[in-house]
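Convert by adding 3 to the 1-based position in the sequence shown; the result is the number in our numbering. The beta carbon of each residue, even a glycine, is placed where N, CA and C say it ideally should be.
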Amino acid sequence: MPIRTCAQCGHAMPKNASAKRKYCSDNCRKLASKHRHSPQHQTSPTPPPANEPSPQQPTAPATYRDLLEVSRTALMRNLKDPHCPATAVAGLSKQLLAVGKELLEMDREKEPDPILDDPEEMADGIEDEPFDAETI
4 MPIRTCAQCG HAMPKNASAK RKYCSDNCRK LASKHRHSPQ HQTSPTPPPA
54 NEPSPQQPTA PATYRDLLEV SRTALMRNLK DPHCPATAVA GLSKQLLAVG
104 KELLEMDREK EPDPILDDPE EMADGIEDEP FDAETI
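Encoded structure:
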């Protein structure tokens, strides 16, 4: 059986020490606590390197269409990945089709409907005859 050692000083643990015990004495435990809480060991957030450009905020908020396009790009990239598991292909394809349908629907909404927008323009040159009930 290997001999357990103190995490602070490296001395052997007492024979009656529990399995959870890390330090051989109270002094080692207190020293370890002081070292953990000393300013030398506390990490401060490092600023980004000066040579990297900082991420710029987008000029306009992202729209639902932007989100769909990003999703479509990510799904296509994952499908083309040779390490994509075969079990994921069906789900990714289904999601890609759904995103594509939503984008197509958004494009259809943008196109003006000539009948609804200006029905008189569609009826140019067509004259409507008056209704005569006796002809029936």
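Cutting at 8 Å between CB atoms, please list the residues of its own chain near residue i, excluding the five before and the five after it.
i, result
"R95", "First, the amino acid is wrong: residue 95 is Leu here, not Arg. So the qualifying residues of the chain are L78, N81, L82, C87."
"R75", "L99, V102, G103, L106"
Please determine, among the options, the residue with the shortest C-alpha to C-alpha distance to residue i.
i, options, result
"D69", "D110, C27, P17", "D110"
If you follow the alpha helix (DSSP H) that residue i is in, where does it begin and where does it stop?
i, result
"D24", "A small correction: the amino acid at residue 24 is Arg; Asp does not occupy that position in the sequence shown. No alpha helix (DSSP H) holds R24; DSSP gives it neither H nor E."
"Q98", "89–113"
Could you name the residues of the same chain whose beta carbon sits closer than 7 Å to that of residue i, not counting the 5 residues immediately before and after it, in chain order?
i, result
"N19", "none"
"T8", "H14, A15, M16"
Who are the Cβ neighbours of residue i in its own chain at under 6 Å, not counting the five residues just before and after it?
i, result
"L32", "At residue 32 the sequence reads Arg, which differs from the Leu that was named. If we look at R32 and ignore the five residues flanking it on each side, its Cβ neighbours are Y26."
"D34", "Checking the sequence, you will find Leu at residue 34 rather than Asp. Once the five neighbours on either side are set aside, the close Cβ partners of L34 are Q11."
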